[in-house]
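Enquirer:
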Amino acid sequence: MTLGLGVPALGAQGCSSEDEVVPAKGLMLAIRTDMSIPEGVDSMRIEVLTNGVPKLENEYFLGPSPEKTSLPGTLALLPPSDSKLPVLIRVVARTVSGKAVIMREVTTTVPDDRLVMLPIGIQWLCWDSVTEDAADKNDPKFQNKSCSEQETCIAGGCADKAIDSATLAPYDPTQIFGGAKAAGSKGQCFDTVSCFDGSQTETPDTSCTLAAPGPGQDADYNVALVLPPGDNAGICGASSCLVPLERDDTDGWRIEGDRLKLPPAVCQKLGTTVLAVATSSKCTTKTSALPTCGPWSSVTSNSGTFDSGGPELDASIDGDVSIDAPPGDGGPDASLDSATDAADATFEPPPSDPNLGAKCQNKTMCGQLECIDVSSTALGGEGPPGGMCTLPCGGFPPNYCSLIDPGAICHPFGPGAEYCLKGCAPGPVSLDGGFDPNKCHGRPDMGCTVLFSAGGPAPACLPTCAGTQHCDTGTSSNPQCNLATGLCTKVASQGAPYGTSCTFGPPDAGGLDASADGSLPPSCAGMCTPVPDPSQGGLPGTFVCSGGCVVNPDASCGWSGTGPAQAACMKGFVPNAADLGDLGTCVQLCDCQVFCDDPNMVCTPNPDFDLAQKWGMDGYCTFGVSADGGPVPGLGC
Numbered sequence: 001m002t003l004g005l006g007v008p009a010l011g012a013q014g015c016s017s018e019d020e021v022v023p024a025k026g027l028m029l030a031i032r033t034d035m036s037i038p039e040g041v042d043s044m045r046i047e048v049l050t051n052g053v054p055k056l057e058n059e060y061f062l063g064p065s066p067e068k069t070s071l072p073g074t075l076a077l078l079p080p081s082d083s084k085l086p087v088l089i090r091v092v093a094r095t096v097s098g099k100a101v102i103m104r105e106v107t108t109t110v111p112d113d114r115l116v117m118l119p120i121g122i123q124w125l126c127w128d129s130v131t132e133d134a135a136d137k138n139d140p141k142f143q144n145k146s147c148s149e150q151e152t153c154i155a156g157g158c159a160d161k162a163i164d165s166a167t168l169a170p171y172d173p174t175q176i177f178g179g180a181k182a183a184g185s186k187g188q189c190f191d192t193v194s195c196f197d198g199s200q201t202e203t204p205d206t207s208c209t210l211a212a213p214g215p216g217q218d219a220d221y222n223v224a225l226v227l228p229p230g231d232n233a234g235i236c237g238a239s240s241c242l243v244p245l246e247r248d249d250t251d252g253w254r255i256e257g258d259r260l261k262l263p264p265a266v267c268q269k270l271g272t273t274v275l276a277v278a279t280s281s282k283c284t285t286k287t288s289a290l291p292t293c294g295p296w297s298s299v300t301s302n303s304g305t306f307d308s309g310g311p312e313l314d315a316s317i318d319g320d321v322s323i324d325a326p327p328g329d330g331g332p333d334a335s336l337d338s339a340t341d342a343a344d345a346t347f348e349p350p351p352s353d354p355n356l357g358a359k360c361q362n363k364t365m366c367g368q369l370e371c372i373d374v375s376s377t378a379l380g381g382e383g384p385p386g387g388m389c390t391l392p393c394g395g396f397p398p399n400y401c402s403l404i405d406p407g408a409i410c411h412p413f414g415p416g417a418e419y420c421l422k423g424c425a426p427g428p429v430s431l432d433g434g435f436d437p438n439k440c441h442g443r444p445d446m447g448c449t450v451l452f453s454a455g456g457p458a459p460a461c462l463p464t465c466a467g468t469q470h471c472d473t474g475t476s477s478n479p480q481c482n483l484a485t486g487l488c489t490k491v492a493s494q495g496a497p498y499g500t501s502c503t504f505g506p507p508d509a510g511g512l513d514a515s516a517d518g519s520l521p522p523s524c525a526g527m528c529t530p531v532p533d534p535s536q537g538g539l540p541g542t543f544v545c546s547g548g549c550v551v552n553p554d555a556s557c558g559w560s561g562t563g564p565a566q567a568a569c570m571k572g573f574v575p576n577a578a579d580l581g582d583l584g585t586c587v588q589l590c591d592c593q594v595f596c597d598d599p600n601m602v603c604t605p606n607p608d609f610d611l612a613q614k615w616g617m618d619g620y621c622t623f624g625v626s627a628d629g630g631p632v633p634g635l636g637c
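At position 620 of the sequence shown the residue is numbered 620 (my numbering), and the sequence of numbers has no breaks.
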């Protein structure tokens with residue numbers, strides 16, 4: 001993306017391919033993280049201010065899909081008319097629940113004679129470094145929790161947030177994307193779990209140092225923090241979760257003579273949120289130029305290893321470590337039982353039960369599992385449509401849910417709300433009619449989609465309502481469908497309908513930033529969803545109000561079944577009945593161009609005649625540019 005500081009209207013463009021236009025002058029932010037996504041952080045907010053006046057206030061959902069932002073990533077700031085004007089840059093990371101947990105601030109200037117690079121790390125060591133006043137959800141206020149107003153959190157400590165841009169290195173994408181000139185498969189990444197498989201742990205001395213590697217061995221030496229099992233903010237394998245530390249004089253560890261100096265925060269956290277310090281000489285040294293491997297990474301040459309073991313913990317390590325922070329917002333509320341090998345902490349295996357993910361109204365319908373009914377508030381204050389047989393999984397090993405049903409994963413719905421979801425196989429079904437009973441129990445309110453668990457990406461059945469009918473209990477206190485979360489709640493979603501033009505904003509039910517012209521658009525009843533531009537490799541071309549749904553020939557997006565449907569559930573903004581049962585997106589239907597609210601969308605004919613007849617609409621609204629850059633044919637009025 002490119003941001004001009006001299007004007008209030010923002011112009012954005014992707015910076016993810018080698019032929020992308022890169023400005024000749026300015027400041028290139030290079031943002032990275034040492035945590036997993038979304039288990040550690042799920043979104044980030046970037047603010048840029050000059051003289052206290054906001055020039056950018058945007059929220060970015062993180063992840064590998066086209067509508068999300070992968071890390072590492074870049075944001076270019078163009079110089080203002082006065083290059084000596086100080087600029088405040090603020091990056092705030094949020095958990096999947098939307099809680100702000102990490103903040104990094106920099107005060108600097110934007111050069112007008114060269115393009116320089118400013119690395120910004122979203123670091124686990126800075127967890128719980130920010131408080132947020134969200135009284136006005138469209139204008140949240142952030143306060144540094146652990147440092148003074150002139151400082152920012154770096155590697156768990158406090159450092160001056162002012163940086164002289166004259167000291168910054170020239171922009172070099174190879175120092176961001178693992179040696180490549182852009183994101184993609186040409187760069188290298190750091191395979192954290194594989195690198196520390198079978199490694200040893202060491203105990204820092206009172207100065208928080210370790211013995212340095214021998215002469216000539218420091219180019220293949222690495223250090224990682226071992227977190228208690230279940231703290232999925234780290235990068236997790238089969239038996240442990242890790243946070244790799246970078247070799248960096250400011251952001252990580254450094255060598256001083258014959259000692260390896262760790263950030264002081266590491267030793268402050270030992271015995272609480274850090275179980276041990278592991279070292280390895282198996283891999284190239286982790287630096288800011290070598291991003292972590294994982295499904296969240298913009299460097300895709302290696303998807304990462306997540307089934308290996310972890311470091312071999314020393315017998316002297318006290319495994320009875322209590323973590324006070326709730327799961328999903330800092331760590332598991334659990335005590336480790338083993339005094340000799342915390343990675344093998346004892347737990348009672350769950351029962352094997354095929355009812356996982358089945359509909360339920362009470363426990364008797366779930367065999368040996370629990371029932372979370374539609375009126376429950378267990379899933380972050382909301383309930384699953386149709387009810388769901390499951391078990392809580394917070395604080396247990398990554399394979400806990402798969403012991404109930406092969407392929408099942410542990411999914412966070414909010415702080416302290418981690419539950420097992422049934423596994424599935426997304427894609428075309430073999431049946432000609434109706435839902436496949438072997439895919440999410442054939443439920444029209446549970447969509448098969450790839451989610452990201454401690455064991456890596458895996459397809460699972462996500463409870464998803466797309467209308468009040470999915471939350472119906474037949475009582476006067478009938479729950480309503482929250483179109484933003486896909487769960488059932490007490491208050492009906494209010495806001496603009498599907499297809500309304502919107503501007504991507506904070507990760508809540510309808511929180512939107514101002515439009516490009518400065519006006520505030522109406523909040524979406526569901527979510528402000530990016531629409532892919534085929535000519536730009538699937539990057540967002542525009543944003544419209546939408547919501548999650550389960551691909552279904554009955555449209556499902558609030559349609560009663562009588563009269564023309566206003567929206568239908570599609571996968572990838574394309575009608576395809578073969579994807580029955582997969583998680584999709586509610587897409588606005590149309591008979592001609594005037595139906596499509598967003599000027600970037602065009603009413604194109606539905607290629608499936610039977611579906612068009614069933615829905616009572618001849619077409620659907622899609623992005624108006626084809627993959628070759630030409631216009632998409634539309635339906636006239």
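For every residue, glycine included, the Cβ atom is placed at its ideal position computed from N, Cα and C.
Can you tell me which of the three DSSP states cysteine 621 falls into?
Expert: Reduced to three states, the DSSP call for cysteine 621 is strand.
Enquirer: Going by DSSP, what residues sit across from aspartate 251 in a beta bridge?
Expert: Aspartate 251 is not bridged to any residue.
Enquirer: Is alanine 466 helix, strand or coil by DSSP?
Expert: Of the three classes helix, strand and coil, the one that applies to alanine 466 here is coil, per DSSP.
Enquirer: Identify whether alanine 166 lies in helix, strand or coil by the three-state DSSP scheme.
Expert: It is helical.
Enquirer: Whole angstroms are fine: how far does the CA of leucine 227 sit from the CA of arginine 104?
Expert: Near 22 Å, if we compare the C-alpha coordinates of leucine 227 and arginine 104.
Enquirer: Does DSSP put proline 507 in a helix, a strand or coil?
Expert: In this predicted model, proline 507 has a pLDDT of only 35, less than 50, meaning its place in the structure is not dependable; the value taken from the coordinates is given anyway. Residue state, collapsed to three classes: coil.
Enquirer: Rounding to the nearest angstrom, what Cα-Cα distance links proline 534 and cysteine 420 in this structure?
Expert: Approximately 35 Å between the Cα atoms of the pair.
Enquirer: Cβ atoms of leucine 242 and leucine 225: under 8 Å apart, would you say?
Expert: Cβ atoms of leucine 225 and leucine 242: closer than 8 Å.
Enquirer: Quick one: what does DSSP say alanine 219 is sitting in, helix, strand or coil?
Expert: Three-state DSSP puts alanine 219 in a helix.
Enquirer: Please name the residue in Pro463, Cys590, Ala627 whose C-alpha comes closest to that of glycine 537.
Expert: Of the candidates Pro463, Cys590, Ala627, the one whose C-alpha sits nearest the C-alpha of glycine 537 is Ala627.
Enquirer: Would a C-beta distance cut-off of 8 Å place glycine 26 and proline 111 closer than the cut-off?
Expert: It is a contact, given that the beta carbons lie within the stated cut-off.
Enquirer: For isoleucine 317, collect the residues of the same chain with a Cβ closer than 6 Å to its Cβ; drop the 5 residues on either side in sequence, then sort them by chain order.
Expert: Residue placement at isoleucine 317 cannot be trusted, given a pLDDT of 44 that sits under 50; what the coordinates show is reported in the next sentence. Cβ within range, chain order: Ala276.
Enquirer: Return the residue from the list Val41, Cys293, Thr279 that minimises the CA-CA distance to aspartate 220.
Expert: Per the Cα distances, Thr279.
Enquirer: Run through DSSP, which three-state label would phenylalanine 435 get?
Expert: Looking at phenylalanine 435 - three-state DSSP - the assignment turns out to be coil, as it is neither helix nor strand.
Enquirer: Could you work out which residue in Gly387, Leu85, Pro140 is closest to threonine 473 when comparing CA atoms only?
Expert: When each option's Cα is compared against that of threonine 473, the closest is Gly387.
Enquirer: Determine, using beta-carbon pairs with one atom in the segment 246-263 and one in the segment 42-54, whether at least three such pairs fall under 8 Å.
Expert: No, the segment 246-263 is not in contact with the segment 42-54.
Enquirer: Please work out which residues of its chain come closer than 8 Å, Cβ to Cβ, to glutamate 151, disregarding the five sequence neighbours upstream and downstream, and give them in chain order.
Expert: Closer than 8 Å at the Cβ level, and outside the excluded window around glutamate 151, lie Asn144, Cys158, Ala159, Asp160, Lys161.
Enquirer: Within 10 angstroms of its Cβ, does cysteine 637 collect 16 or more other Cβ (buried), or is it exposed?
Expert: Cysteine 637 comes out exposed.
Enquirer: So alanine 408 is in the beta strand (DSSP E); what residue range does that whole segment cover?
Expert: Here alanine 408 belongs to no beta strand (DSSP E), and DSSP marks it neither H nor E.
Enquirer: So the candidates are Glu47, Ile404, Leu29, Gly63; which of them puts its Cα closest to the Cα of methionine 35?
Expert: Nearest of Glu47, Ile404, Leu29, Gly63 to methionine 35, Cα basis: Gly63.
Enquirer: Just the Cα atoms here: how many angstroms apart are leucine 483 and glycine 442?
Expert: Going from the Cα of leucine 483 to the Cα of glycine 442 covers about 21 Å.
Enquirer: Does glutamate 39 pass the burial test, meaning 16 or more other C-beta atoms within 10 Å, or should it be called exposed?
Expert: With 16 or more Cβ atoms within 10 Å of its Cβ, glutamate 39 is classed as buried.
Enquirer: Taking cysteine 424 as the reference, which of Ala417, Pro415, Ala408 has the closest Cα?
Expert: Nearest of Ala417, Pro415, Ala408 to cysteine 424, Cα basis: Ala408.
Enquirer: Verify whether the separation of the beta carbon atoms of cysteine 393 and cysteine 401 is less than 8 Å.
Expert: Their beta carbons are under 8 Å apart, which means cysteine 393 touches cysteine 401 by this criterion.
Enquirer: Evaluate proline 86 with the Cβ neighbour count: other Cβ atoms within 10 Å of its Cβ, from every protein chain shown; 16 or more gives buried, anything less gives exposed.
Expert: Answer is exposed; the Cβ neighbour count stays below 16.
Enquirer: Would a C-beta distance cut-off of 8 Å place threonine 601 and valine 544 closer than the cut-off?
Expert: The question names threonine, yet the displayed sequence has methionine at residue 601. Cβ distance < 8 Å, so methionine 601 and valine 544 count as in contact.
Enquirer: Counting contacts by CB-CB distance shorter than 8 Å, is proline 215 in contact with chain C?
Expert: Protein chains in the displayed structure number just one, and chain C is not present.
Enquirer: DSSP on aspartate 628, reduced to helix/strand/coil?
Expert: Looking at aspartate 628 - three-state DSSP - the assignment turns out to be coil, as it is neither helix nor strand.
Enquirer: Sorted by chain position, which residues of the same chain lie with C-beta nearer than 7 Å to valine 594's C-beta, five sequence neighbours on each side aside?
Expert: Excluding positions up to five away in sequence, the list reads Cys637.
Enquirer: Glutamine 217 to threonine 285, Cα distance in whole Å?
Expert: Cα-Cα distance, rounded: 10 Å.
Enquirer: May I ask you to report which of helix, strand or coil DSSP gives leucine 403?
Expert: Three-state DSSP puts leucine 403 in a helix.
Enquirer: Thinking C-beta only, is cysteine 267 closer than 8 Å to aspartate 191?
Expert: Their beta carbons are not under 8 Å apart, which means aspartate 191 does not touch cysteine 267 by this criterion.
Enquirer: Which of the three DSSP states is assigned to glutamine 268 in this structure?
Expert: Three-state DSSP puts glutamine 268 in a helix.
Enquirer: So, with DSSP's three-state summary, where would you put alanine 134?
Expert: Coil.
Enquirer: For serine 129 and leucine 168, what's the separation of their Cα atoms in angstroms?
Expert: Looking at the two C-alpha atoms, the distance is approximately 25 Å.
Enquirer: Thinking cysteine 621 and glycine 499 are a contact (beta carbons under 8 Å), I'd like their distance in whole angstroms, please.
Expert: So it is a contact: roughly 6 Å between Cβ atoms.
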